[in-house]
Structure formats: C-alpha cells, structure tokens
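Numbering (full-length UniProt numbering), first residue to last: 1 to 631.
Reading through the structure tokens given below for one structure.
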Amino acid sequence: MNYKDFYQKSLEQPEQFWKEQAEQIEWYAQPQTILSKDQNDYPLWYADGELNMCYLALDKHIQDGFGDHVAIIYDSPVTQTVIKYTYHQVKTEVAKLAGGLLSLGLKKGDTAVVYMPMIPQAAFAMLACARIGVTHSVVFGGFAPHELAIRINDCKPRVILTASSGIEVDRLIAYKPLVDEAIELAEHKPKKVVVFNRKLGARVPFKKYDVDYDALVYGSEEVPCVAVNATHPLYVLYTSGTTGKPKGIVRDTGGYAVSLKFSMHYIYGVKPDEVFWAASDVGWVVGHSYIVYGPLINRNTTVLFEGKPIKTPDASTFWRVISEHKVAVMFTAPTAIRAIKKEDPKGDFIKHYDLSCLRTQFLAGERCDVATLEWYNQHIPVPAIDHWWQTESGWPMIANMMGVEFLAIKPGSAGKAVCGYAIQILNENGQENGPNEEGFVVIKLPLPPGTMLDLWKDSPRFKSGYLSAFPGYYFSGDGGFKDTEGYIYITGRVDDVINVAGHRLSTAEMEEIVASHPAVAECAVVGIHDELRGQIPLAMVVTKTGELMEHFQLEYEIVHLIRDQIGAVACLRNVMVVQRLPKTRSGKILRKLLRSIVDKENFQIPSTIDDEAIIGEIQEVIDKYATNKQK
C-alpha cells in the first residue's frame with residue numbers, strides 16, 4: 001500500500017474513507033450518517049450508529065471462537081507476579097462486576113471514578129463500566145486527595161472503584177485513606193466505594209459506603225452489553241490546564257472504536273493474536289487507548305505492567321518482559337529509555353535476553369532526542385519510531401504508519417501526518433508557513449474519528465482553548481515545522497520557544513545538542529528572565545551513573561557545544577547538574593514549573609507531577625548554584 005495515496009484519500013474523501021473503516025468493527029446499528037455536526041458546529045462521527053466497546057473488546061472474540069486465547073498478561077515485578085487471563089476469564093469477571101455495579105444503582109449515563117494501580121482489576125473496572133454504558137473517569141492511583149476531590153466534584157461519580165494499595169519502588173501507598181479524605185473534601189458525595197483488597201498489608205479503614213470488590217463480583221450474575229449511541233461518552237480523562245483547573249477530555253464510543261482498530265492495524269502494524277505492550281498507566285491516555293481498548297479490539301494480547309523501567313529490580317526489566325512474553329510491538333516514553341540508558345549506558349543487560357520477537361519500538365509522550373534514538377538503535381536493531389499525539393486526540397496524529405508503508409526515519413521528526421489529520425504549520429497571522437519555517441501546529445477541521453468530543457460540562461472552555469485561536473482549525477498548543485518531504489518536527493509547547501533579544505529559539509533544539517554530550521543522561525532547557533535580553537536559556541542536566549566529570553568542565557563543554565551548533569546568539573551560559581528532573585507521571589518534563597522556580601515566581605504544583613519532593617531538591621540546587629556563581 002502507498003502511504004501518499006492512502007493519506008490523500010483520507011483528506012479528499014473523508015466520509016467514504018471512514019465509512020470503510022467503520023465496516024471493520026461490529027455495530028448493533030450500522031451508522032448511516034458518517035459525518036455531521038453538533039450544536040457548536042463541531043464535527044460528529046457516526047451519530048446514528050449503536051455499539052458497545054466492551055462487546056468489541058471481549059464478547060465478539062469469544063463468539064468468533066477465540067475465548068481461550070490470552071487477552072491480558074499481568075506482569076508485576078513489584079509483587080513478583082505474572083498472571084495470564086483468557087478472553088473467557090476476563091469476560092466472566094467483567095460481566096459479573098458490571099452486574100454488581102447495576103445492583104449498586106448505577107445505570108447507563110451515570111459516571112464512575114476508577115482510582116487504582118496497574119492491576120487487572122483496573123482494566124476490568126473500565127470494561128465493566130463500558131459494558132453497561134457508564135462513563136468512567138480513571139484517576140491515577142495515589143493522586144492526592146485534593147486532586148481526586150476536584151475530579152469527583154467535576155464528573156460527579158455515583159461510585160468510586162479503588163484498591164487497597166499501590167506499590168512504588170520502595171513503598172506501599174494505602175489508597176483507601178486517600179479516597180476517604182477526598183470524599184470528605186468533595187462537595188459531591190459518591191454513594192458507594194468498591195474496594196479491591198490486595199492483601200498486601202495496607203490500612204483499609206472501613207466506611208458505611210464501602211463495598212468489597214470480591215464479594216460484589218462473587219455475588220453477582222453476568223450481565224450482557226448495553227447498546228449505546230456512537231457519541232455516548234465512553235470516558236472522561238482529566239489533563240492539566242493552564243488555569244490550574246483540570247480539563248475533562250470527553251471521548252466518544254463509536255469514533256474511538258473505529259480509530260483504535262484503524263491505528264492498531266495501520267499505524268502500529270500488529271496482527272491479531274500478537275503480543276502488544278504499551279508500558280504506560282491506565283490513568284494516562286496511552287493506557288486507555290493502547291493497554292485496554294485498542295489491543296483488545298484488535299484481538300491482541302496486551303501486557304499490563306506494574307513496575308518501572310529501572311529498580312524493579314534493575315534496568316533489565318523491559319528486556320525481560322519483551323523476551324518472556326514474546327512482545328512483537330512495544331510502546332513507551334523516551335524518558336523510560338533515557339532512565340535505562342542512565343543506569344546501563346553500555347547496554348549490558350540487553351545482551352542477556354533474546355529480543356528477536358520484537359519488530360518495532362514506538363516512542364511518544366514527549367519528543368525523543370536523537371541521542372536516545374541512536375543509543376536504542378545501537379543496542380536493538382529494530383525501527384524505533386517517535387510519534388506524536390495528545391490526550392485530546394486519543395490516538396496518533398503524526399507517525400510512521402507501519403501497517404501502510406515503512407518510510408525512512410528522520411531522527412528528530414515524529415514522522416508524517418496520519419490519515420485523517422490535515423496538519424498545517426501556521427504563523428501568528430494564520431497563514432501557512434513554508435518548509436522548515438517554525439510555527440503553530442494546527443489541524444484543519446474536521447478532525448478524524450476518535451478525537452475529543454468536548455470538555456466535560458465546559459463547552460465554552462473547549463471552544464476558547466482549542467478552536468478560537470485559528471478558526472476552522474484545532475490548535476494543538478505545540479510548535480513545529482515541516483520539511484520539504486512532509487516530515488513534521490514538533491519543537492515543544494509554544495511557551496517553550498524562548499525569545500532571546502528578539503531571536504526566537506527552540507529549547508528543544510538546544511536540548512538535542514545538550515543531550516548529545518556523552519556525560520548527559522537527560523536534560524531540560526528552559527528560558528529564564530534576563531534584564532538585558534528578556535530571556536536566556538538555562539540547562540539542567542542529569543549525568544549518567546558513574547560519570548565523574550567536574551561540574552565546571554561539563555558546563556564549559558556544553559556551553560561550547562551550543563555555541564558551535566547554534567551560535568553565541570543562544571546565550572546559554574549556565575548549566576546546572578541535578579539528580580533528577582520534575583516530570584508528570586507519563587514522563588513529560590515540567591519545563592514551565594522549572595522556569596517558575598528559577599525566576600522565583602509564584603507557581604502552582606501541577607496535579608500530574610510524579611513526586612512533589614523534587615521541587616525542594618531543585619530549589620536547593622538553584623540556590624547553591626547561584627551562590628557559587630557569585631563567588
């Protein structure tokens with residue numbers, strides 16, 4: 001198949017193109033209206049179709065004779081557990097849990113919050129909600145009670161499903177006390193809390209609203225799938241907003257099912273029954289799309305991994321999972337590969353495992369620097385493909401479409417536009433830029449199926465945040481450029497472009513150069529306030545384990561690397577060495593937070609931060625660095 005022709009057809013004949021893709025899944029009522037618009041003039045897909053996501057993920061495969069095939073592999077190095085679940089087993093558990101939820105008063109159109117670690121019951125809870133038409137909202141297990149309360153108030157769940165605890169590398173986190181505190185803080189009070197007791201020793205205080213998960217499942221009958229409209233909200237997923245108030249991204253059911261089936265085949269290039277592993281979390285959009293729904297719809301065995309790329313027990317974990325479970329295609333964040341590279345710079349652990357099963361490595365979550373890509377390819381000779389998408393899109397917007405035509409990889413680029421996405425680079429006046437001219441990354445409407453439907457109960461914010469900046473386009477909030485061959489480069493959030501004495505400079509480009517230094521494991525470059533130039537760049541670097549280079553020498557070499565490759569205009573003169581960088585749970589470096597800390601501005605700690613303790617560490621390094629500079 002030819003990528004160019006396939007892509008052009010998706011833009012020139014969108015209704016015909018997505019009608020054909022809709023025929024690849026099973027509907028209760030086949031849609032006759034392929035593309036229409038809602039009351040806000042925003043595109044709707046398959047508005048008169050009816051289906052059920054849980055049916056597509058489980059029941060259909062059983063009916064087709066694949067019930068004994070493995071659906072989910074739960075691999076938990078933190079509890080030293082591996083369990084394989086067949087489609088029959090998953091469907092039985094999910095259908096009984098769904099029956100239990102109905103007995104608690106939940107009905108089609110209600111909402112439920114899932115607050116769980118990376119355990120099979122998290123996926124079961126999502127699928128059980130989908131089975132009976134309940135809109136689920138997964139909140140990262142371990143989120144602070146205040147943040148959980150905000151989400152409870154916003155989506156107003158009738159029930160919360162949780163577990164007794166999550167496990168970090170070095171500690172047990174009791175979830176139930178956090179849920180209880182969140183309910184105390186929240187104005188909206190859920191009727192019931194379903195608790196799965198992992199029996200790992202965590203405190204599980206009993207409340208009158210509590211229901212035992214095992215008892216609920218055991219005492220319930222299996223219930224069938226409920227037909228829902230294609231535009232029925234499957235889930236609400238919260239992402240951090242610039243105002244501090246999280247944005248509830250609403251995902252439909254029909255368009256999402258079609259796009260996930262399409263992406264598993266045409267983007268990730270996986271065939272039914274192959275093993276697919278997205279090393280992410282169900283609290284993140286990757287977990288929704290490519291741990292739970294996408295692989296199961298495509299009848300792939302999906303790996304549900306409870307652990308970290310390092311320290312569970314070491315930097316060999318990823319390679320063990322791939323080898324042991326015969327993973328064909330993997331997806332992770334570049335930050336995970338950088339963490340492994342830092343611990344095992346020579347790739348010694350990789351040599352201990354047979355990775356011949358692995359065909360493709362996908363990377364996303366943040367831009368993958370060239371140094372990380374090169375390190376990976378040096379040790380594992382399979383295509384390592386950076387690709388780009390957002391919580392809002394729900395599935396990739398820029399990629400190398402492995403199921404269509406493998407295109408040459410250009411390090412630093414996320415690939416070419418995916419079918420259905422008319423991606424353009426506009427300047428501030430809304431005019432399209434020429435090749436290699438950096439600007440705002442936008443997508444011409446209509447967006448393809450599966451992308452966000454709205455913000456939960458907040459259409460005005462949806463329109464102002466995504467549709468108003470460039471009328472007729474979805475504004476991604478990212479900057480980037482296209483080269484002469486149509487490859488797209490994402491340079492980061494538009495507020496990561498800094499203005500040094502009138503020169504617009506990309507911090508991503510500087511990070512690429514800093515990361516190329518052999519002593520650097522990972523880095524962040526941010527623009528900080530400067531009286532003379534407005535802004536100047538500051539580099540924060542994490543050095544590789546065992547690296548003993550003096551700080552002043554490292555700073556000297558990095559400053560000269562930037563000067564040699566960008567020029568003195570970049571004005572990068574300051575390099576701080578830190579133990580780690582503040583990140584979201586999905587691995588994105590919180591550059592805006594770093595900038596605020598350095599500039600001593602008031603800042604709000606994002607709810608998505610992985611570990612708040614790092615803020616104090618960074619402030620200490622900044623103060624020490626400033627003192628040394630003065631000396």
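Built from N, CA and C at the ideal position, the CB exists for glycine as well.
Remember, it's a predicted structure, so these values are computed and weren't measured experimentally.
- Cβ neighbours of residue 204 within its own chain (closer than 7 Å, five residues either side excluded): 164, 176, 195 and 197.
- Taking the C-beta atoms as reference points, residue 442 is found nearer than 9 Å to residue 426.
- Boundaries of the beta strand (DSSP E) around residue 574: 574 to 577.
- For residue 522, the three-state secondary structure derived from DSSP is strand.
- For residue 1, same chain residues with a beta-carbon under 7 Å away, outside a window of 5 residues either side, are 404 and 405 in chain order.
- For residue 338, the enclosing alpha helix (DSSP H) begins and ends at 334 to 343.
- Taking C-beta atoms as the reference points, residue 398 and residue 376 fail to come closer than 9 Å.
- In the DSSP annotation of this structure, residue 124 is not part of any beta strand (DSSP E); the continuous alpha helix (DSSP H) holding it starts and ends at 120 to 131.
- Relative to the Cα of residue 400, the nearest Cα in the group 211, 524, 372 and 363 belongs to 363.
- Where residue 257 is concerned, the enclosing alpha helix (DSSP H) starts and stops at 254 to 266.
- Look at residue 375 here: in three-state DSSP terms it is helix.
- Annotated three-state conformation of residue 530 is strand, per DSSP.
- DSSP places residue 310 in no beta strand (DSSP E); its state is neither H nor E.
- For residue 112, the enclosing beta strand (DSSP E) starts and ends at 111 to 115.
- Residue 371 is classed as buried because its beta carbon has at least 16 other beta carbons within 10 Å across all chains shown.
- For residue 247, the three-state secondary structure derived from DSSP is strand.
- When C-beta atoms of the stretch 269 to 282 are compared with those of the stretch 469 to 484, fewer than three pairs fall below 8 Å, so the two segments do not count as touching.
- By the criterion of a C-beta distance shorter than 7 Å, residue 166 is surrounded in its chain by 117, 141, 142, 173 and 175, once the five residues flanking it on both sides are discounted.
- Under the DSSP assignment, residue 625 falls in the alpha helix (DSSP H) whose first and last residues are 613 to 630.
- In the three-state DSSP reduction, residue 394 falls in the coil class, being neither helix nor strand.
- When secondary structure is reduced to three states using DSSP, residue 298 falls in the coil class, being assigned neither helix nor strand.
- A straight-line Cα-Cα distance of about 15 Å links residue 35 and residue 257.
- With respect to the 9 Å criterion, residue 134 and residue 106 are classified as neighbours on the basis of their beta carbons.
- For residue 192, DSSP records a beta bridge to 159.
- Within a 10 Å sphere around the beta-carbon of residue 41 sit fewer than 16 other beta-carbons, which makes this residue exposed.
- Counting only residues of its own chain and dropping the five nearest sequence neighbours on each side, residue 602 has a CB closer than 8 Å to the CB of 596.
- Residue 481: member of the beta strand (DSSP E) spanning 473 to 482, first to last residue.
- Between the alpha carbons of residue 255 and residue 395 lies a distance of about 11 Å.
- The straight-line gap separating the alpha-carbon atoms of residue 477 and residue 248 is approximately 17 Å.
- Under the three-state reduction of DSSP, residue 326 is assigned to coil, being neither helix nor strand.
- Apart from sequence neighbours up to five positions away, the residues of its chain that approach residue 323 with a beta-carbon distance below 8 Å are 353, 354, 355 and 357, ordered along the chain.
- The Cβ atoms of residue 474 and residue 447 lie closer than 9 Å to each other.
- In the pairwise beta carbon analysis, the stretch 544 to 559 is classified as touching the stretch 518 to 531: at least three pairs are separated by under 8 Å.
- For residue 94, the uninterrupted alpha helix (DSSP H) run begins and ends at 87 to 103, by DSSP.
- Cα atoms of residue 532 and residue 588: separation of roughly 31 Å, rounded to the nearest angstrom.
- It is roughly 11 Å from the alpha-carbon of residue 440 to the alpha-carbon of residue 497.
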